[in-house]
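Everything below concerns the one structure shown next.
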Amino acid sequence: MNNYDYIVVGAGSAGAAVAHRLSADPRNKVLLLEAGAPSHPWSFIPVGSARLIKNPAANWLYSSEPEANTNGRRIPVPRGKLLGGSSAINGMAFVRGQAQDFDTWAQMGNRGWSYEEVLPFFKRMERYEGSGDDAYRGHEGPLRVTNPQPSEPIFQTIIKAAGQVGIAHNPDYNGAKQEGIAMSQATIARGRRMSTARCYLDPIRNRQNLYIETGALAKALVLDGRRCTGVRYSVGDDRREATASREVVVCGGTINSPKLLELSGIGQPERLRDLGIEVRHALPGVGENLRDHYAPRTRWLVGKRGVTFNDRARGLGMVHQAMRYALFRKGFLASVGAPLRAFVCSREGLEAPDLLLGWVPMLTEPGPKGPRIAKQSGFTCYAHPMRPESKGHIHIISADPRRPPAINFNFLSSPPDAELTVTAIRIARAVMNAPAMAPLILTEAAPGADRTTDDEIIDWVKQAAETTYHPVGTCKMGSDPMAVVDAELRVHGIAGLRIADASIMPTLTSGNTNAPSIMIGEKAADMVLKAA
Ligand SMILES: Cc1cc2nc3c(=O)[nH]c(=O)nc-3n(C[C@H](O)[C@H](O)[C@H](O)COP(=O)(O)OP(=O)(O)OC[C@H]3O[C@@H](n4cnc5c(N)ncnc54)[C@H](O)[C@@H]3O)c2cc1C
Numbered sequence: 150m151n152n153y154d155y156i157v158v159g160a161g162s163a164g165a166a167v168a169h170r171l172s173a174d175p176r177n178k179v180l181l182l183e184a185g186a187p188s189h190p191w192s193f194i195p196v197g198s199a200r201l202i203k204n205p206a207a208n209w210l211y212s213s214e215p216e217a218n219t220n221g222r223r224i225p226v227p228r229g230k231l232l233g234g235s236s237a238i239n240g241m242a243f244v245r246g247q248a249q250d251f252d253t254w255a256q257m258g259n260r261g262w263s264y265e266e267v268l269p270f271f272k273r274m275e276r277y278e279g280s281g282d283d284a285y286r287g288h289e290g291p292l293r294v295t296n297p298q299p300s301e302p303i304f305q306t307i308i309k310a311a312g313q314v315g316i317a318h319n320p321d322y323n324g325a326k327q328e329g330i331a332m333s334q335a336t337i338a339r340g341r342r343m344s345t346a347r348c349y350l351d352p353i354r355n356r357q358n359l360y361i362e363t364g365a366l367a368k369a370l371v372l373d374g375r376r377c378t379g380v381r382y383s384v385g386d387d388r389r390e391a392t393a394s395r396e397v398v399v400c401g402g403t404i405n406s407p408k409l410l411e412l413s414g415i416g417q418p419e420r421l422r423d424l425g426i427e428v429r430h431a432l433p434g435v436g437e438n439l440r441d442h443y444a445p446r447t448r449w450l451v452g453k454r455g456v457t458f459n460d461r462a463r464g465l466g467m468v469h470q471a472m473r474y475a476l477f478r479k480g481f482l483a484s485v486g487a488p489l490r491a492f493v494c495s496r497e498g499l500e501a502p503d504l505l506l507g508w509v510p511m512l513t514e515p516g517p518k519g520p521r522i523a524k525q526s527g528f529t530c531y532a533h534p535m536r537p538e539s540k541g542h543i544h545i546i547s548a549d550p551r552r553p554p555a556i557n558f559n560f561l562s563s564p565p566d567a568e569l570t571v572t573a574i575r576i577a578r579a580v581m582n583a584p585a586m587a588p589l590i591l592t593e594a595a596p597g598a599d600r601t602t603d604d605e606i607i608d609w610v611k612q613a614a615e616t617t618y619h620p621v622g623t624c625k626m627g628s629d630p631m632a633v634v635d636a637e638l639r640v641h642g643i644a645g646l647r648i649a650d651a652s653i654m655p656t657l658t659s660g661n662t663n664a665p666s667i668m669i670g671e672k673a674a675d676m677v678l679k680a681a
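Here the sequence shown stands for residues 150 to 681, numbered as in my numbering.
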């Protein structure tokens, strides 16, 4: 009963795409294992992300180790734990990155990963409902992507202010060029979140050759010498094992994929031995090369009433928003996490932008179940370098699969990251202080206008920044000694085993990471099928 052609571990952004494509051929018997639940009610409503960020029913709730450049704080590392993975709890912004990101991967020796070569997979994935150049955009894929218009006057004001400091409007940052300011394209359609569970799995639930098990925690890969032959997993207290006659594809994400490899004896030998794990295959890069966006949120108080969601989505305002959502699927509840974003260059002469600014039209404050709307009216603008050079690592600290791993980001350990972060904050200030913003009567609440020197600004970043939840790179693709997978995503030295998720990215893409993770899943499936 438990024999399959393919086993896919993890039904997240990439894993759902892999399972969808592999099971399209009825001759392929595919098992999809997902540790999390089938779904969560808050996952369907876009604003529900805020209710999932601290929710153990849908989230692995990891956090980092204390670090010097986080002032000893532990930084939350939420990861989706349900069908759809992080695409089912994320902020729903749809950003591919830049052509240069993928060309860099190809230049690092990864054949087949130049932008020209990955573009067909980006197009195949999406059903883009905005207008865009067909050379870049797809309209027939499973994933619904929309292009909201700047319906709120506040967005038009910020776009105007950005124009006043030289940041032009870009109608499609996923098209020919990324640079400029635009409303965020979103994996939201008709007011509903479009996770990969919704778009890649729901339509194929009746395939007889696809077996989806939820609540199924993969604990170890089964190895026969240097070949992966299956997966050991548990459902509640029930221990199970499944075999794959062709391949196992691990899609557990940047934290859990290296964790599973280490639990299976694949990784740094000394580290594994210290934990009493038998070393099956020495691979020093497992868990290394961790990168993420360390993103300070600047905060701005607004003196004019009715402009932000702080005024319009509290008390009776929320009743109005709820009715608007129920009747028209529009408004605050249907909104993408950061509805407006700008991709900007830190200096003249750059070929492509290196900084990201993202605006959220309200202020939030921490609450027991996640962020809640603050009483004060204002908005948040996060600002950070898109391709940070600081690298950390994630490693297990116990042979027990249920124990969380230790996550060390080493944020700002590379000096250019700090310099670019300061520049990003200065550009955010320039936009906020542009003439178009003046009627709103803004006060800079954080970092605060009195923090003027680079040191004062970085000091605040260390106290306040969190990530935008884009960890990548811990099972790096490449051919150097620290690479974990080759350009076909096969684990170096182990047959029958691939990794396909955000962990294979050798560098961080310029923007959010859902779209590139799905692209990786699409491309992985293509390579697996071609190899069969
Ligand atoms: C709060 C938040 C907000 C974000 N906002 C955005 C955004 O607005 N736009 C954007 O583009 N990106 C965003 N991201 C990032 C983006 O969602 C992720 O980069 C992307 O989903 C990663 O895809 P993945 O396939 O690598 O991993 P995931 O989607 O995380 O999938 C991994 C899956 O594997 C399962 N799994 C893991 N280990 C096991 C195991 N041992 N056994 C069985 N199953 C297992 C997990 O439960 C999960 O379902 C956000 C992420 C978060 C968490």
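Note that the Cβ used here is the ideal one computed from N, Cα and C, for glycine as well.
Those residues which DSSP pairs with G541 across a bridge = L439.
Can you pull the DSSP bridge partners for C377?
-> Per DSSP, L372.
Same chain, Cβ closer than 6 Å to N559, five either side skipped, listed in chain order | Its chain contains S539 and G541 as the residues whose beta carbon lies nearer than 6 Å to that of N559, once the 5 sequence neighbours on both sides are disregarded; these appear in chain order.
Hey, could you find the ends of the beta strand (DSSP E) W209 is sitting in?
-> Taken as a continuous stretch (DSSP letters only), W209 belongs to no beta strand (DSSP E), as it is neither H nor E.
Determine, using beta carbons only, whether G527 and A577 come nearer to each other than 8 Å.
-> Taking a C-beta distance under 8 Å as the contact criterion, G527 and A577 do not qualify as a contact pair.
CB contact check: R176 to chain D, cutoff 8 Å = Going by chain labels, chain D is absent from the structure shown, which holds only one protein chain.
Of the residues D373, P407 and Q417, which one's Cα is nearest the Cα of E396?
-> Answer by Cα proximity: D373.
Would you mind giving the Cβ-Cβ distance between Y277 and F492, rounded to the nearest angstrom? I have them listed as a contact below 8 Å.
-> At roughly 18 Å, the Cβ-Cβ gap does not stay under 8 Å, so Y277 and F492 are not in contact.
Only counting runs of 3 or more residues, tell me where the beta strand (DSSP E) segments fall wholly within the segment 289-342, in order along the chain.
-> The segment 289-342 contains these whole beta strand (DSSP E) runs: 292-294 and 329-332.
Mark Q470 as exposed unless 16 or more other C-beta atoms lie within 10 angstroms of its C-beta, in which case mark it buried.
-> Flag for Q470 reads buried.
Cβ shell of P665 (< 6 Å), same chain only, five flanking positions each side left out = Within the same chain, P665 has close Cβ partners G246 and T658.
Residue of I224, V294, E289 and H189 minimising C-alpha distance to V244 = Ranking the options by Cα distance to V244, first place goes to V294.
For I556 and V226, believed in contact at Cβ under 8 Å, the rounded distance | Rounded, the Cβ-Cβ distance is 6 Å, consistent with contact.
Cβ contact check for the segment 435-453 and the segment 194-205: 3 or more pairs under 8 Å = By the criterion of at least three beta-carbon pairs nearer than 8 Å, the segment 435-453 is not in contact with the segment 194-205.
Check whether the Cβ atoms of M631 and G434 sit closer than 8 Å, and answer yes or no.
-> Yes.
Consider the C-beta atom of Y474 and the heavy atoms of ligand 1; say whether any pair is separated by less than 7 Å.
-> Not so, every heavy atom of ligand 1 lies at least 7 Å from the Cβ.
Same chain only: Cβ atoms within 6 Å of S394, ignoring 5 sequence neighbours per side = Result list for S394: D154, in chain order.
What first and last residue would you give for the alpha helix (DSSP H) that runs through G516?
-> Where G516 is concerned, there is no enclosing alpha helix (DSSP H), although the beta strand (DSSP E) it sits in stretches over T513 to G516.
List the DSSP bridge partners of M535.
-> M535 is not bridged to any residue.
Where G516 and G597 are concerned, what is the direct C-alpha to C-alpha distance, given to the nearest angstrom?
-> Roughly 23 Å separates the two Cα atoms.
How would you write the range of the beta strand (DSSP E) that P520 sits in, first residue to last?
-> Boundaries of the beta strand (DSSP E) around P520: G519 to I522.
Please work out which residues of its chain come closer than 6 Å, Cβ to Cβ, to R170, disregarding the five sequence neighbours upstream and downstream, and give them in chain order.
-> These residues qualify, in order along the chain: A674.
Same chain only: Cβ atoms within 6 Å of W262, ignoring 5 sequence neighbours per side = Here the set comprises F251, W254 and A255.
Does the distance from the CB of P269 to the CB of Y349 come in under 8 Å?
-> No, these two residues do not count as a Cβ contact at 8 Å.
Is there at least one non-hydrogen atom of ligand 1 closer than 7 Å to the beta-carbon of C624?
-> No, ligand 1 has no heavy atom inside 7 Å of this Cβ.
Could you give the distance in angstroms between the alpha-carbon of A173 and the alpha-carbon of S383?
-> Distance between the alpha carbons of A173 and S383: 27 Å.
Take every Cβ of the segment 207-215, pair it with every Cβ of the segment 227-243, and state whether three or more of those distances are shorter than 8 Å.
-> Contact holds: three or more Cβ-Cβ distances are below 8 Å.
Is C377 near ligand 1, in the sense that its beta carbon is under 7 Å from a heavy atom of that ligand?
-> No; taking the cut-off as 7 Å, the Cβ of C377 has no heavy atom of ligand 1 nearer than that.
How would you label T602, buried or exposed, when you count the other beta carbons within 10 angstroms and need 16 or more for buried?
-> When all chains shown are included, T602 counts as exposed.
Does the pairing of the segment 643-663 with the segment 614-631 give three or more beta-carbon distances under 8 Å?
-> Touching, yes, given that three or more Cβ pairs across the two stretches are closer than 8 Å.
Integer Cβ distance of S344 from S192, believed to fall under 8 Å = Taking the Cβ atoms as the reference, S344 lies roughly 7 Å from S192, within the contact range of under 8 Å.
Considering F270, what are the terminal residues of the alpha helix (DSSP H) in which it resides?
-> Taken as a continuous stretch (DSSP letters only), the alpha helix (DSSP H) holding F270 covers Y264 to M274.
From D282, K309 and P215, residue whose alpha carbon lies closest to that of P584 | Measuring C-alpha to C-alpha distances from P584 to each of D282, K309 and P215 identifies K309 as the nearest.
How big is the Cα-Cα spacing for C530 and N220?
-> Going by the C-alpha atoms only, they are around 22 Å apart.
DSSP-derived helix/strand/coil call for G622 | Residue state, collapsed to three classes: coil.
For L405, does the three-state DSSP call read helix, strand or coil?
-> It should be pointed out that residue 405 corresponds to Asn in this sequence rather than to Leu. Collapsing the DSSP output to three states places N405 in a helix.
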